Structures are given as structure tokens and as C-alpha cells.
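First the structure, in the form of C-alpha cells, and then the observations on it.
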Amino acid sequence: MTIKFGLIGGGVMGEALLSRLIVRGIYQASEVIVSEPQPSRQSFLKQQYEVAVTADNYLVFTQAQEAVMLAVKPQAFSAIAQELADIITTEHSPLVISILAGVSLSQLEAAFPQLPVIRAMPNTPATVGAGMTALCSGAYTNAKHQQTAQQIFSAVGEFVEVSENLMDAVTGLSGSGPAYVALMVEAMADGGVAAGLPRAVANQLALQTVLGTATLLHESKMHPAELKDRVTSPGGTTIAAIAQLERAGFRSALIEAVKAAAQRSQELGKG
Ligand SMILES: NC(=O)c1ccc[n+]([C@@H]2O[C@H](COP(=O)([O-])OP(=O)(O)OC[C@H]3O[C@@H](n4cnc5c(N)ncnc54)[C@H](OP(=O)(O)O)[C@@H]3O)[C@@H](O)[C@H]2O)c1
């Protein structure tokens with residue numbers, strides 16, 4: 001069978017994508033090849049997903065007919081680009097999809113001259129199929145390439161298309177966002193403990209409240225302000241809490257957090 005999809009780097013995010021691409025039937029296991037340097041990881045991936053596994057990035061790049069995904073740490077990018085440099089031809093031109101944080105389209109296009117490249121920024125919830133990925137396309141991509149990338153990332157959650165100049169803002173919001181939410185869950189549970197709840201109960205209440213509220217907003221498409229208005233009864237408990245959150249600068253703290261992360265992403269990109 002033809003190898004359609006190549007994965008360079010079978011780590012956390014690579015495996016998350018791989019597992020869902022196969023479960024969803026987007027690619028058959030026999031249509032996938034993965035390169036991974038670590039022998040123990042190689043045998044795990046081979047056994048778990050029944051895909052072809054190699055240590056040879058060269059092989060992955062030359063065999064994959066449709067798309068090659070780069071899922072290594074950003075620090076490994078220049079070594080891989082050098083490794084592949086002499087085999088890049090326009091006769092074999094798979095779509096190159098990079099999830100490497102901070103590696104720009106122009107860096108990708110310099111490494112893969114005249115090849116279609118798509119830069120993607122997924123986030124950690126992709127590992128459980130609830131990710132948010134932003135995609136931006138290089139100069140040599142067409143609608144078919146974009147469709148391929150969209151199909152791949154819809155296997156691990158939702159996707160949006162943005163222009164590359166918005167990638168730092170994406171990083172500040174959905175990229176780093178899971179940490180802000182984790183902090184909020186932890187702090188809410190601490191509040192519950194402070195109000196007398198046992199720790200395990202407080203953790204469960206905090207987590208399910210965040211999950212349930214996100215699901216409600218997502219499914220009902222209700223504006224967050226409307227949900228807030230619905231649960232604040234006159235002179236009640238929720239408005240007392242909201243007054244306290246506003247005094248403590250809760251909203252402004254989150255706005256500034258997203259801005260700070262976006263700015264840091266921009267600085268690191270120049271770096
Ligand atoms: N995890 C996330 O939530 C997330 C979110 C957004 C973007 N990303 C991006 O996703 C990329 C991967 O992150 P990750 O969390 O999946 O990292 P990871 O778990 O460390 O995965 C990287 C994998 O690539 C392998 N590798 C290293 N050098 C290689 C080489 N020269 N050729 C082939 N494979 C090589 C590593 O093997 P060894 O362990 O043996 O080195 C490892 O298995 C990063 O660029 C990151 O910026 C991740």
C-alpha cells in the first residue's frame with residue numbers, strides 16, 4: 001500500500017495526532033511511516049499503532065506521498081532541515097506540516113524550497129482530542145493542501161485559519177491558555193478548601209464546573225456575559241463573588257496575561 005503520511009518525531013504531540021488519525025480512519029496504519037530516534041519509543045509505536053517506524057528521517061520524507069509532519073522539539077529543526085536538504089526536489093513535493101512552536105513560514109520555506117508548507121499551532125488538549133489548532137499556509141499551498149491539514153487537525157479538536165502575523169496572539173491565547181485554566185481550577189479548589197470542603201471534593205467540583213461551563217457555552221453558543229447574567233440573582237451569592245473578582249482585577253489579569261504571552265512569543269521568535 002502507498003505510504004501517504006509521514007511523521008517525524010513520535011513524541012507526545014506526534015503520538016496524539018498519530019493515534020487519532022488512525023482511529024478516525026483518516027489514514028490506515030499501513031499508510032503511515034514514523035521516524036523516531038529512541039529504540040524503546042520506536043518499538044512502542046510499532047506495537048501500539050502497527051505503523052512502519054524508522055530512525056531515518058530521510059526515508060519518511062521520501063516515502064510519504066501526501067504529507068509529512070514535523071513534530072520534534074523546535075531545537076531539532078535546523079538539524080532535520082540540514083539532513084533533508086539534499087533530497088528536496090520539486091518532483092516529490094509532499095505537504096510539509098510543522099507544529100514547531102516559533103518556527104516561521106519563512107524558515108520552513110527556506111528549509112523546504114518551493115514545497116507547500118503549513119505552520120500549525122496546536123495546544124495540549126489535542127492529546128485528548130479537545131485541542132485548538134491555528135493554521136497558516138505558505139506560498140506554495142493550494143486548497144487541497146489546506147484541506148489535508150484541516151482534516152488532520154480536526155482529528156484532535158477544532159482548527160482555525162489565521163494569517164501568520166496572528167500566530168503570536170494565538171500562542172498567547174490558546175497555546176498558553178491551558179495553563180491559565182489549570183491555575184483557575186486549582187485556585188477555585190483552594191477556595192473550596194478554604195470554605196471547608198475536603199480537598200478531593202473541592203478538586204472535583206472545581207474541575208467539573210470549568211468543564212461543564214465550557215461545554216454549556218460551546219453547545220448553546222451563548223455569550224459568556226449572558227451566562228453570567230443568568231446565574232447572578234439580585235443580592236445573591238454569585239454577584240458578591242463577581243464584585244470581589246472585579247476588585248481583584250480578575251478580567252484585567254487575564255487580558256494582560258494573554259498580551260504578555262503574545263509579546264513573549266514575539267520576542268522568542270526574533271530570538
Ligand atoms: N505538547 C504540546 O502541547 C505542544 C503544543 C503546541 C506545539 N507543540 C510543538 O510540538 C513539537 C513536539 O512537542 P512534544 O511535546 O510532542 O515533544 P516531545 O514529546 O519531546 O516529542 C519530540 C519527539 O521527536 C523526537 N526527535 C528528536 N529529535 C529527532 C530527530 N532528529 N528526528 C526525529 N525525531 C526526533 C524525540 O525523540 P527523543 O525523545 O529521543 O529526543 C521525541 O520523541 C514541539 O516543536 C512543540 O513546539 C507541542
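According to my numbering, the stretch in the sequence shown is residues 1 to 271, in order.
We treat Cβ as the ideally placed atom computed from N, Cα and C, and that holds for glycine.
Note that the structure is predicted; figures quoted are calculated from it, not measured.
Can you give me the C-alpha to C-alpha distance between V231 and S154, rounded to a whole angstrom? Along the sequence shown, read from residue 1 onward, the residue named residue 231 stands at position 231. Along the sequence shown, read from residue 1 onward, the residue named residue 154 stands at position 154. Cα to Cα, V231 sits roughly 33 angstroms from S154.
Given R20 as reference, the closest of I87, A257, Y49, A120 once Cα atoms are compared: Taking the sequence shown and counting its residues from 1, one reaches residue 20 at position 20. Looking at the Cα atoms, Y49 is the closest of the given residues.
Just the residues with CB closer than 7 angstroms to a heavy atom of ligand 1, in chain order, which are they? Summarising the contact set, residues whose Cβ lies nearer than 7 angstroms to any heavy atom of ligand 1 are, in chain order, I8, G9, G10, G11, V12, M13, G14, S35, E36, P37, Q38, R41, N57, A71, V72, K73, P74, A76, A79, I80, I99, L100, A101, M121, P122, N123, T124, A126, T127, G175.
Whose CA, out of Q244, A101, H92, K144, lies closest to the CA of G269? By 1-based counting over the sequence shown, the position of residue 269 is 269. That would be A101, whose Cα lies nearest to the Cα of G269.
For S252, the three-state DSSP class (helix, strand or coil): Stepping through the sequence shown from its first residue, residue 252 is reached at position 252. Assigned with DSSP and collapsed to three states, S252 falls in helix.
Can you tell which of F44, F77, Q47 has its C-alpha closest to the C-alpha of N57? Along the sequence shown, read from residue 1 onward, the residue named residue 57 stands at position 57. Selection F44, F77, Q47 evaluated against N57 yields F77 as nearest (Cα-Cα).
Pick helix, strand or coil for L197, following the three-state DSSP scheme. In the sequence shown, residue 197 corresponds to position 197, counting from 1. Three-state DSSP puts L197 in coil, outside helix and strand.
If you check the beta carbons only, do Q38 and V53 fall under 8 angstroms apart? As a first step, residue 38 must be located in the sequence shown, where it is residue number 38. As a first step, residue 53 must be located in the sequence shown, where it is residue number 53. Result no, Cβ atoms of Q38 and V53 do not sit closer than 8 angstroms.
Is the distance from the Cβ of T141 to the Cβ of P116 below 8 angstroms? Position 141 of the sequence shown holds residue 141. Position 116 of the sequence shown holds residue 116. Their beta carbons are under 8 angstroms apart, which means T141 touches P116 by this criterion.
Bridge partners of T209, per DSSP? In the sequence shown, the residue the question calls residue 209 occupies position 209. DSSP lists no bridge partner for T209.
By DSSP's criteria, G172 is part of a beta bridge. Which residues make up the other side? Taking the first residue of the sequence shown as position 1, residue 172 is located at position 172. Note: G172 sits in no beta bridge, so no partner.
Take G129 and list the residues in its own chain whose beta-carbon comes closer than 7 angstroms to its own, dropping the five residues that flank it on each side. On the sequence shown, position 129 is the one that residue 129 refers to. Around G129: R20, V156, G157.
When the distance is taken between beta carbons, is A55 closer than 8 angstroms to I3? One-based indexing of the sequence shown puts residue 3 at position 3. One-based indexing of the sequence shown puts residue 55 at position 55. When the beta-carbon positions are compared, I3 and A55 stay at least 8 angstroms from each other.
Rounded to a whole number of angstroms, what is the C-alpha to C-alpha distance between I26 and L108? What you label residue 26 is simply residue 26 of the sequence shown in a count that begins at 1. What you label residue 108 is simply residue 108 of the sequence shown in a count that begins at 1. When rounded, the distance between both Cα atoms is 25 angstroms.
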